[in-house]
Amino acid sequence: MENLRQNLEEDALLFAPIRKTGKGFYITLSILIAVILWAVFAYLNQYHRGLGITGLARPIFWGVYITNFVFFIGISHAGTLISAILRLARAEWRRSITRSAEVITVLVLFFGVGNILIDLGRPDRALFIIEHAQFRSPLLWDVSSISIYLAASSIYLYLPLIPDIALLRDHSGKWRWFYRIFALAWKGTEHQHHLLEKGISFMAILVIPVAVSVHTVVSFVFAMTIQPMWHTAIFGPYFVTGAIFSGIAALIVAMNVIRKVYHLEDYLRPVHFNNLGILLLVMTLLWFYFTFAEYITVFYGGEPTQMVIFWAKLTGRFAPYFWAMFLFCFVIPLPILSLRRTRTPLGTLIASVSVIMGMWLERFVIVVPTLTNPRLPNEAVLYFPTWVEWSILAGSLSFFILLYAVFTKVFPIVSIWEVREGKEKMVAEVQERIRTYLPGIGGE
Amino acid sequence: MVIDLDKCSACQACVVACHAENNVPIIGPEEAAKGRTIHWIELIPYFEGEYPHIRARLLPRPCMHCDNPPCTKVCPVFATYINEEGLVGQIYPRCIGCRYCTTACPYTVKYFNWYGPEWPKEMKGSLNRDVSIRTKGVVEKCSFCSHRLLRAKEKARAEGRDLLPEDYIPACVQACPSNAMYFGDLNDPFSTVSMLSREKRAFRLLEELGTEPKVIYLAEGM
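Protein sequence lines, in the order shown, are assigned to chains X and G. Its first residue numbered 417, the first sequence is counted upward by one per residue in this note's numbering. Its first residue numbered 1131, the second sequence is counted upward by one per residue in this note's numbering.
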């Protein structure tokens, strides 16, 4: 009992956001809600009058909404995938960051799907996708794999939450009934722990192929058509890479914010940012590799229909977007992440914000130029998103941040039991593990 | 369908006839400038050669009604499909307006209703009762006037005879003043269209994509 009380004192910082809520939180909340309401107003306008109030036209049938869809689904790859890989690799530094990553996945998926629904001309018929499903359409593959992904990553978020919910049930005081339901009679026995570990490992293995499949089929929406610069086999791995790239960046931003706001400097240490920074650096280089491979192939082949789009991106109408993407995705993050000195929380934050903006632009540069230059001659139509589309982008982002903030007020954003387990058991276990890696120090 | 470009004078009678026949909404100059006009058949300009040996041409472009349509594959709800006649159909009450088919079509023949349909007051009385009016938010395109096929079939059945080739032609073919457009059964080796399609001048748009369009053009000046 004494031991438990001491433990609670020790991690009091992790309970603090749930126990008390300051003025700052409510101010942030009101700002976010204001932006969301504005976006709702914009959408109602669009629903009422038609998609004509967006900047879309023939032949640019897809724009910001589809960009948002790909972008948000991409962000979702942060959480579950990173957390699962780190868990399976038994990287001990993961313990204080997995939760904040997994929450991103589950919450941001809704905005990916949401933007597709907003893009529909007849949202009232959205359920036709299930009622009259046509499985040759890549959109149906998306529906299937995103549903599975949402379910799997929700379970994967929930399982490691159970012991923490039980802690809240026993010690928090407020909303006992709520925590009691979700704690599922967790008592922390050896047997329960064993089952939980098993469940988490199983889900960790399961979510990895699902996550890869999700962004692969998102790319298939484009790659399965025969449109120039969409119809390419590189899109699957390219999109997955880009997704993980933007996902890690989103995670670093989220960690920076909760670290500052909830004073978690002790839990989210520079080493975490350093390690994630290295991961982000790897993804920066991979992203460059894929982008290079994609464009050099098109350029060398020199097929006229593709070259029109190629030059539109590199020197033409879309050059500002293209080079801004290159700047944000590569030129800015590369030096920051390469140097140990700048791989600090602040340094990685700057690199991450840049990557997030760059990856949004990347999706825009994939979607719009191809549609602007169809194979048959067409009236020159320029696509500029209108206030409606920008409002809905702002609203989606705000709504995501709002849900994330509310989550931190209901559940601990750093996994309490996993951090404890790390402190109590893992030091000895890791020592033991190292013995088995090396010869001559007592391992078998 | 066969379109003889040697005979086509680019008068756009086909475009006008199609608008009237198929209740295509009139969207106004402002929205038209933004690229929101709907034309089931459209004259697309293209240039041949380089300056100074340049020639500007116009090509009437209805839906190609491909045998291997890229648009029907991607529709998530069977709203666009190829029927037993070989026509690529569009079911407006089923369409969810995702615009996947519009982006997948290499000929960009599909159009989206960005707003609810509108006509000047004077025109409202003369809408074609055989063609349903599309709501805002759905995709539409050339149907080869399939409502005329329905009519013709009914008439033939009522008269107790088989459908004859001359029973059914689309409005654009009917309206063409220089007889540049032909319509008929490509599967019948003795039909005019079938014979023309085997002419030396015959070509199809973007044939190399493997879409197998059923609109055949006869090249100019050969």
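We put the CB at the ideal spot given by N, CA and C, even for glycine.
Member of the options whose CA lies at the smallest distance from the CA of residue i
i: G:Thr1233; options: G:Lys1203, G:Ile1174, G:Ser1256 and G:Asn1152; result: G:Lys1203
i: X:Phe457; options: X:Ile534, X:Trp593 and X:Gly528; result: X:Ile534
i: X:Thr721; options: X:Trp646, X:Ile752 and X:Pro761; result: X:Trp646
i: X:Val626; options: X:Phe708, X:Ser492 and X:Ile817; result: X:Ser492
i: X:Phe431; options: X:Leu695, X:Tyr678 and X:Val747; result: X:Tyr678
i: X:Thr514; options: X:Glu606, X:Glu710 and X:Trp833; result: X:Trp833
i: G:Ile1184; options: G:Pro1175, G:Phe1320 and G:Arg1264; result: G:Pro1175
i: X:Gln643; options: X:Ile725, X:Ile668 and X:Arg465; result: X:Ile725
i: X:Glu805; options: X:Asn531, X:Val835, X:Phe827 and X:Ala517; result: X:Asn531
i: G:Thr1265; options: X:His464, X:His548, X:Leu504 and X:Leu611; result: X:His464
i: G:Ala1143; options: G:Ile1221, G:Met1311 and G:Glu1338; result: G:Met1311
i: G:Arg1224; options: X:Gly490, X:His548 and X:Phe651; result: X:His548
i: X:Met775; options: X:Trp703, X:Leu555, X:Ile498 and X:Leu762; result: X:Trp703
i: G:Asn1258; options: G:Ala1150, G:Val1145, G:Val1146 and G:Cys1138; result: G:Ala1150
i: X:Phe485; options: X:Ser569, X:Arg779, X:Arg849 and X:Leu787; result: X:Arg779
i: G:Gly1246; options: X:Ala665, X:Phe527, X:Arg538 and X:Val529; result: X:Arg538
i: G:His1277; options: G:Val1146, G:Asn1153 and G:Glu1289; result: G:Asn1153
Under 8 Å from the C-beta of residue i: neighbouring residues of chain G
i: X:Val797; result: Lys1164 and Gly1165
i: X:Gln643; result: Thr1233, Ala1234 and Pro1236
Within chain G, the residues that residue i reaches when beta carbons sit closer than 9 Å
i: X:Asp535; result: Gly1227, Cys1228 and Arg1229
i: X:Gly495; result: Correct list: empty, because the minimum Cβ distance to chain G is about 27 Å.
Beta-carbon contacts of residue i that lie in its chain and below 7 Å, excluding the five residues immediately before and after
i: X:Thr802; result: Ile469, Thr470 and Gly471
i: X:Leu792; result: none
i: G:Ile1212; result: Pro1199, Thr1202 and Val1218
i: G:Leu1316; result: Val1323, Ser1324, Ser1327 and Lys1344
i: X:Met842; result: Glu508
i: G:Arg1229; result: Phe1242 and Val1269
i: G:Thr1167; result: Ile1157
i: X:Thr444; result: Ala821
i: X:Met741; result: Gly774, Leu777, Glu778 and Val781
i: X:Leu467; result: Gly537
Residues near residue i by beta carbon distance below 8 Å, same chain, minus five either side
i: X:Tyr820; result: Val519, Ile520, Leu523 and Ala670
i: X:Ala810; result: Val451, Trp454 and Ala455
i: G:Ala1286; result: Asp1292, Leu1293, Leu1294 and Asp1297
i: X:Gly718; result: none
i: X:Asp427; result: Ile832, Val835 and Arg836
Contacts of residue i in chain X (Cβ-Cβ under 7 Å)
i: G:Gly1219; result: Within 7 Å Cβ-Cβ: nothing; G:Gly1219 doesn't reach chain X, min ~14 Å.
i: G:Gly1246; result: Gly466
Beta-carbon neighbours of residue i, restricted to chain X and to distances below 8 Å
i: G:Leu1279; result: Simply none; closest approach about 24 Å.
i: G:Ile1174; result: Leu792, Pro793 and Asn794
i: G:Glu1161; result: Gly468
Residues near residue i in its chain [Cβ-Cβ closer than 6 Å; skip 5 each side]
i: X:Glu418; result: A caution first: X:Glu418 carries a pLDDT of 46, below 50, which makes its placement in the model too unreliable to give a value.
i: G:Cys1148; result: Trp1170, Ile1171, Ala1301 and Cys1302
i: G:Cys1196; result: Thr1341, Glu1342 and Pro1343
i: G:Leu1188; result: Ala1140, Leu1173 and Pro1175
i: X:Ala844; result: none
i: X:Ser561; result: Ser629, Val630 and Val633
i: X:Glu710; result: Ile650
i: G:Tyr1237; result: Met1194
i: X:Ser754; result: none
Within chain G, the residues that residue i reaches when beta carbons sit closer than 7 Å
i: X:Pro554; result: Val1204
i: X:Arg541; result: Ile1226
i: X:His548; result: Val1207, Phe1208 and Arg1224
i: X:Phe544; result: Val1207, Arg1224 and Ile1226
Residues that residue i contacts on chain X, provided the C-beta gap is smaller than 9 Å
i: G:Tyr1237; result: Pro790, Arg791 and Leu792
Chain A contact for residue i (CB, 8 Å cutoff)
i: G:Tyr1241; result: Of the protein chains in the structure, X and G, none is chain A.
Determine which residues of the region 777-797 of chain X have a Cβ less than 7 Å from any Cβ of chain G, and write them out in chain order.
Residues passing the 7 Å Cβ filter: Leu787, Pro790, Arg791, Leu792, Pro793, Asn794, Glu795 and Val797.
With 7 Å as the limit, tell me which residues of the region 1198-1210 of chain G have their beta carbon closer than that to any beta carbon of chain X; keep them in chain order.
The region 1198-1210 of chain G vs chain X, Cβ under 7 Å: Pro1200, Lys1203, Val1204, Cys1205, Pro1206, Val1207 and Phe1208.
What ranges does the alpha helix (DSSP H) occupy inside the region 491-559 of chain X, keeping only unbroken runs of at least 4 residues that lie completely in it?
Those alpha helix (DSSP H) runs which fall completely within the region 491-559 of chain X and span 4+ residues are 495-504, 514-535 and 544-547.
Report the residues of the region 1248-1274 of chain G with a CB closer than 8 Å to any CB of chain X, ordered along the chain.
So the close ones are Thr1265, Lys1266, Gly1267, Val1268 and Val1269.
Extract the residue ranges of the beta strand (DSSP E) inside the region 1184-1213 of chain G, only unbroken runs of 3 or more that lie entirely within it.
When DSSP assignments are scanned along the region 1184-1213 of chain G, the uninterrupted stretches of beta strand (DSSP E) that are 3 or more residues long and fall wholly within it turn out to be 1185-1191 and 1210-1212.
Could you name the residues of the region 458-490 of chain X whose beta carbon sits closer than 7 Å to any beta carbon of chain G, in the order they occur along the chain?
So the close ones are Arg465, Gly466, Leu467, Gly468, Ala473, Arg474, Pro475, Phe477 and Trp478.
Anything in the region 1316-1340 of chain G with a Cβ closer than 9 Å to a Cβ of chain X? List those residues in chain order, please.
Answer in chain order: Leu1335, Leu1336, Leu1339 and Gly1340.
Residues, ordered as in the chain, of the region 717-733 of chain X that lie near chain G by beta-carbon distance below 8 Å:
For the region 717-733 of chain X, which is checked against every Cβ of chain G, not one residue is closer than 8 Å.
Along the region 800-827 of chain X, what residues have a CB closer than 9 Å to any CB found in chain G?
Against chain G - using a Cβ distance shorter than 9 Å - the region 800-827 of chain X contributes no residues.
Curious, which full-length alpha helix (DSSP H) runs of at least 4 residues does the region 738-794 of chain X contain?
The alpha helix (DSSP H) runs of length 4 or more contained entirely in the region 738-794 of chain X are, from start to end of the chain, 749-754 and 761-788.
Note down, one range per segment and in chain order, each alpha helix (DSSP H) of at least 4 residues found wholly within the region 1290-1338 of chain G.
If we require 4 residues or more, the alpha helix (DSSP H) runs fully inside the region 1290-1338 of chain G come out as 1301-1305 and 1322-1327.
What residues in the region 555-571 of chain X bring their beta carbon closer than 8 Å to a beta carbon of chain G?
Taking 8 Å as the Cβ-Cβ cut-off, the region 555-571 of chain X approaches chain G at Leu555, Leu556 and Val559, given in chain order.
Residues of the region 504-538 of chain X with a CB closer than 9 Å to any CB of chain G: list them in chain order, please.
Residues Ile532, Asp535, Leu536, Gly537 and Arg538.
Which runs of the alpha helix (DSSP H), 4 residues or longer, sit entirely within the region 646-683 of chain X?
Taking only runs of at least 4 residues, the alpha helix (DSSP H) segments lying wholly in the region 646-683 of chain X are 651-677.
Entirely within the region 1216-1285 of chain G and at least 3 residues each: give me those beta strand (DSSP E) ranges in chain order.
Considered as a whole, the region 1216-1285 of chain G harbours 1218-1220 as its complete beta strand (DSSP E) runs of no fewer than 3 residues, in chain order.
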